[in-house]
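Since the structure comes first, as structure tokens, the remarks are kept for the end.
Numbering (the numbering used here), first residue to last: 1 to 192.
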């Protein structure tokens, strides 16, 4: 019976020791968790980012959960040519589908085109556009055009010949009394 009393008396001590050990482990776990929460005080709960949308896309929003935080991405539409933010003046090129702002749109033959598509249709390079713009503004003298554009008189004559072939200019009058006149298509190209 004494053995039994000793074993009973040891059991409560062992039980108490095990209970204290378990309690100590639990306290350590709680302290570790509190410590990690304290370190994560500046942890981002929600992040909102505004980014330009990719070409051809009209904007939108995305909401995602990333490692316990919420990430909101707002895609704003921008002009596919110049990158300007588009508000309500959004136009889609009827030829290639790019979204363009009012500065980059060209209206030609009742169609809205981006500047790139218009350049392909008109078949003009930068030099041609410079000379055509000067002529559309009423400049006739090759020296004045040369001074403004930085092109030689020979380049200007070649450009005028090209513009006549493209039917953007025509000759009016007879011989010495003739002059060059910009056609309607030439005016549309100059405005573009």
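The C-beta atom is built at its ideal place from N, Cα and C for all residues, glycine as well.
Considering only DSSP beta bridges, list what residue i is partnered with.
i: residue 52; result: 76
i: residue 172; result: 179
When we look at the beta-carbon of residue i and count the other beta-carbons within 10 Å, is it buried (16 or more) or exposed?
i: residue 126; result: exposed
i: residue 110; result: exposed
i: residue 100; result: buried
i: residue 50; result: exposed
i: residue 83; result: exposed
i: residue 33; result: exposed
i: residue 130; result: buried
i: residue 128; result: buried
i: residue 80; result: buried
i: residue 189; result: buried
By DSSP, does residue i sit in helix, in strand, or in coil?
i: residue 45; result: coil
i: residue 152; result: coil
i: residue 163; result: helix
Spell out whether any CB of chain B is found under 7 Å from the CB atom of residue i.
i: residue 65; result: In the structure shown, chain B does not exist; there is a single protein chain.
Alpha helix (DSSP H) runs contained entirely in the segment 57-145, provided each spans 4 or more residues: 115-122 and 126-136
Validate contact between the segment 130-141 and the segment 181-188 using beta carbons, cut 8 Å, 3 pairs: yes
Cβ contact (3+ pairs, closer than 8 Å) linking the segment 153-170 and the segment 111-119: no
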